[in-house]
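Following the numbering used here, the numbering of the sequence shown begins with -14 at its first residue and continues without gaps.
Here a beta-carbon is modelled for each residue, glycine too, at the ideal position from N, C-alpha and C.
Have a look at the structure below before the remarks.
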Amino acid sequence: MRKIKRFAQAIFLLFGLAYVLTGQAQQTPKKCRYVKTAQLPVTLLHHRPLVEGSINDISTPFLIDTGAYKTHVSYDFAEKNAFKLAYLNRSSIGVGGVSQTYTTRVNAFSVGAIKGEKITLLVDGTPKQSGHYGGLIG
């Protein structure tokens, strides 16, 4: 049993040594770089950062939310503009509390140079709470 254990250790050591000698362990990884793709003018309203955007060619400010995992349309904006909503049978929890989550399909969406066509967006938010913006950018 000891012979097998020592043999396995020797094989492991040889493979490790061969790996180091071939230079594979010595290669330095490629450097990560920051590449500027767009610049958005940010305005503050009641200490909240907003950027201008549009949904289906309807201009509206969007709240920048670095903690959001996706971009959302506010329930108030969707209701005001008669967007067709599909209930997801789930809730979202945030600073404003708990709200039901829906989806809507839009023909056009844009924020700065970022544009999308025929996409599905999440819709959530407690009614009458997000009157200053049409959604949030996550």
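Judged by their CB atoms, V58 and G101 are not nearer to each other than the 8 Å cut-off. In the DSSP assignment, D61 falls within the unbroken alpha helix (DSSP H) covering Y60 to K65. Under the three-state reduction of DSSP, A93 is assigned to strand. In the three-state scheme derived from DSSP, where H, G and I count as helix and E and B as strand, H57 is classed as strand. Contact fails between the stretch 79 to 93 and the stretch 18 to 38, because fewer than three Cβ pairs, one in each stretch, are under 8 Å apart. With a cutoff of 8 Å on beta-carbon distance, G52 and V96 are scored as not near each other.
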